Amino acid sequence: MRNVLLKIVLTFASLFWVNGIQQDCQVFLEIQQEHLHCLAQLNKFNGTNLSTGCHGTWANLSCWLPAKVGETVTVHCPKLFRHFSDKIGNVSKNCTAMGWSESFPAYDIACGYEEIIVDTFFVLAKAIYTFGHSVSLVALTTGSAILILFRKLHCTRNYIHLNLFFSFILRAISVFLKDGALFSDDSSLECEEASMVGCKAILVFFQYSIIANFYWLLVEGLYLQTLLLFFFSENKYFAVYILIGWGMPTLFTVVWTLTRVYLEDTDCWDTNRHIIPWWTISGPILLSIILNFLLFISIIRILVQKLRSPDIGRNDQLQYKRLTKSTLLLIPLFGVHYMVFAFFPHNVSTNYKIAFELCLGSFQGLVVAILYCFLNSEVQTELKRKWRGVISNRKLNADDNMHRTSITGNGSSIRNACAQSIQQSETSVV
């Protein structure tokens, strides 16, 4: 029995790569819940006179109620096995004159348990998306600093880019916090209520960051659409964009938190067995993906119409071509690529989904920072101007130092000449 329990713990340590289940706490908290339920049931039999039978007991994974000699007790497989098997089996024990017999059939046979060997694919996938988020975090932080420090870059367009950068930064930080909370290798992790509250708070922050990131991608698409419809005029509704990018995710996250509290307040809120909490997060994200895809189609259609128009002047045409290139590069980054798996059948390999959504998605922030900031001509102009200023200041400082050295040298020569003439005068007098 102890070997079976140990194998289950090890199995959960490998399953967390796929399902995001908190390793040790998930196992022991569920066992603890069933143990407490068993004790409550056994208390009902305290007054029962069963001197010749088998007393009720908790045997590591299952609750065995009192039985008479010769009686066979059958119980369902522990709920723990449902995480990695759909099989609903039963386990039995015989009550003999010597006490309880061993359970039969074995748990691994009755409950569909199969020992899982950790796939190196998941280890590699986690390493890749951790590296991707780390690189993206550095690039986004640098890009944000550039957009903030250079005053000539302050405009509505760059304010929107800056908020998009912030959403990617929050997303990367939330991923690191979530992995630290769910997949910690710390053997001293305590499965207490305070620990679970902190873990749930991290999951709330994680869900908010994910939704905010998708909705700021949506805001970018809306802003591009507005520029094309209103002939590149500056949009005066920045507050509306703020409301969409930060306000709506706040609303959706609050709703998700409430559904979790009242409908599925289990574990670290990282499992999805109830459909309503799942849809309160997946629904808004899916909506933003669909809207961004429609915006992508609309923007391409408008650009094609404008580029084919004979009334466009040469300068305007160059401007539209430049915007077309950036749009073709940027809009696919706005969640449009998620359409690939949004409506994909569930039997599609999980490995493909993980490789596409996690590994490639982790570098999305890096690509956005490069396209929106480092390859931006305005940013490059400001950086070159700043660099020329630094070089000019160094040259001025060097020339100033040389000038001071020259003056100091001339002063020393004059003083030496005066001293020599005085010395000669005194010698001639003598």
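Residues -20 to -1, 1 to 410 (mature numbering (1 follows the signal peptide of the UniProt record, and there is no 0)) are what the sequence shown spells out, left to right.
Glycine residues also receive a C-beta, built at the ideal position from the N, C-alpha and C atoms.
All of these numbers come straight from a predicted model, not from anything done at the bench.
DSSP places Ser147 in the uninterrupted alpha helix (DSSP H) bounded by 136 to 162. Just so you know, the alpha carbons of Lys158 and Leu120 end up roughly 20 Å apart.
The alpha-carbon of Leu355 is positioned some 55 Å away from that of Gly92. Taking 7 Å as the cut-off, the Cβ atoms of Pro257 and Arg240 count as close.
A distance below 7 Å separates the beta carbons of Trp196 and Leu144.
For Ala39, the enclosing beta strand (DSSP E) covers residues 37 to 39.
A direct Cα-to-Cα measurement between Val235 and His254 gives close to 14 Å. If you ignore the 5 residues before and after Leu60, its C-beta comes within less than 6 Å of the C-beta of Glu10, all in its own chain and listed in chain order. Taking a 10 Å sphere around the C-beta of Glu51, we find fewer than 16 other C-beta atoms and assign the residue as exposed. Judged by DSSP in its simplified three-state form, Val49 adopts coil rather than helix or strand. With respect to Gln205, Leu271 sits apart: the two C-beta atoms are not nearer than 7 Å.
By the C-beta criterion, the stretch 219 to 233 is judged to be in contact with the stretch 181 to 192, since at least 3 inter-stretch pairs fall below 8 Å. Ranking Ile222, Tyr87, Cys75 by CA distance to the CA of Lys67 puts Tyr87 first. In chain order, Cys248, Trp249 place their CB closer than 7 Å to the CB of Lys180, counting only its own chain and leaving out the 5 sequence neighbours on each side. Taking a cut-off of 8 Å on C-beta distances, the stretch 66 to 84 touches the stretch 33 to 53, as three or more cross pairs fall below it.
Within the DSSP secondary-structure output, Cys179 pairs in no beta bridge. The C-beta distance from Gly123 to Cys353 rounds to 4 Å, short enough to fall under 8 Å. Nearest Cα to Phe343 within the set Leu16, Cys43, Gly112: Gly112.
In this structure, DSSP gives Ser42 an extended state, which the three-state scheme calls strand. Here Trp44 has Cys34, Gly36, Thr37, Trp38, Val53, Val55, Lys73, Trp80 as same chain residues with Cβ atoms under 8 Å from its own Cβ, once five neighbours each way along the sequence are excluded. Separation of the CB atoms of Ser268 and Phe194 is rounded to 4 Å, and the pair is thereby assigned contact status at 8 Å.
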